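Beneath this line is the structure, given in structure tokens, with notes to follow.
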Amino acid sequence: MEQLNIDSPSATRAFAALGHAGRLSVFRMIMRFAPRPVRPTELAEALGMKPNTLSGYLSELQQAGLIEVERDGRALYYKAALQTCDALVGYLVNDCCRGRPEVCLNALPLSGDRPFRVLFLCSGNSARSIMAEALLRDLGAGRFEAVSAGTAPNGEIHPQARALLEREGHDTLGLWSKSLSQAQRGEEGYDFVFTVCDRAAQEDCGPLPGQPLSAHWGLPDPVKVEGTEAERALAFARTYDALRRRIEVFTALPIEKLDRMSLQAKIDDLSVMKEDDHG
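Heads up: the sequence shown is residues 874 to 1152, going by our numbering.
Here's what the structure looks like:
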């Protein structure tokens, strides 16, 4: 992505747009889905905001260059203008922090002197996040510590998810459905947080310790698929395969050699990885 430069008036306009609590909440929610676009109805539902109020906030954020709009037929979708966001960070570093990124933000690569700590977050923590935890634990070759949690955990692993993992050779001992508070690591926190369902991405869980990099790997919920036993099994298998492809690419990244902004771009790419992509 080509680097975008931003001048002081544009930066001031963007920061002013973010200086309002309502606009900031909308921008944060859009960023949570980045780089994927999101529908206004999803934003309104997640934020409990009236459509006309949301429309005004979206218009002001768009005028400030912070978000972009896409049209698909009659439907509108909004997404973060990532080039502008990168330029704003660059403006702070170069103008306000005198070119010293260590003053303004943690820009250095993650340390490789211990396993990278990864949290997979879902709503029920019974299928998708559980599968992701098992996959990273086994594919990570000791480089990663994988944990999963739910914003509203079901309290048990879905039987089809457990059966699939065992067929694929994963040990399900030690896997259990738990809340985010039960998965907290204290002050050490996580290096990465991946939401794997839209509901978890829409919920404000508050800042997590450790300043983790995050991305939204949203996938359809196989638990909600209706039909024959074979059709439900196929839904679980597709979810497993999609997670496996992402995690295989993720574990191959040279994490220790990438600065945080480059690493964020890499995991964002995985957010829009299609089913037939292989890295």
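From the three backbone atoms N, C-alpha and C, an ideal C-beta is built for every residue, glycine too. The model shown is predicted, which means the values in this text are computed figures rather than measured ones.
(Q) As a quick exercise: from Ala1110, Met1134, Gly1023, Gly1042, pick the residue whose alpha carbon is nearest that of Leu1086. (A) Met1134
Q. For Ala1106 versus Gln1033, is the C-beta distance shorter than 8 Å?
A. yes
Q.
Can you find the residues in the same chain that come closer than 8 Å, C-beta to C-beta, to Pro1127, ignoring five residues on each side of it along the sequence?
A. none
Q) Apart from the five residues just before and just after Met1008, which ones in its own chain have a Cβ nearer than 7 Å to its Cβ? A) Checking the sequence shown, residue 1008 turns out to be Leu, not Met. Same-chain partners within the cutoff: Leu1116, Arg1117, Ile1120.
(Q) One question on the structure: do Val1069 and Ser1002 come within less than 8 Å of each other, judged by their Cβ atoms? (A) yes
Q | Inter-stretch contact at 8 Å, needing at least 3 Cβ pairs: the region 947-956 / the region 920-930 | A | no
Q. Using CA coordinates, which residue listed in Arg909, Gly892, Gly895, Glu1129 is at the minimum distance from Asp1141?
A. Arg909
Q: Apply the 10 Å Cβ neighbour rule to Ser1050 and answer buried if 16 or more other Cβ atoms are within range, or exposed otherwise.
A: buried
Q: Measure the CB-CB distance between Phe1017 and Thr1124 and report whether it falls below 8 Å.
A: yes
Q | Asp1071 (DSSP reduced to helix, strand or coil) | A | helix
Q.
Taking 8 Å as the limit between beta carbons, can you name the residues of its chain near Lys923, skipping five residues before and five after?
A. Ala917
Q: Return the residue from the list Gly938, Phe1067, Ser883 that minimises the CA-CA distance to Val991.
A: Phe1067
Q: Indicate whether at least one CB of chain D lies closer than 8 Å to the CB of Asp1142.
A: Among the chains in the structure shown there is no chain D, since it carries only a single protein chain.
Q: Determine the extent of the alpha helix (DSSP H) in which Arg1035 is found, giving its start and end residues.
A: 1032-1040
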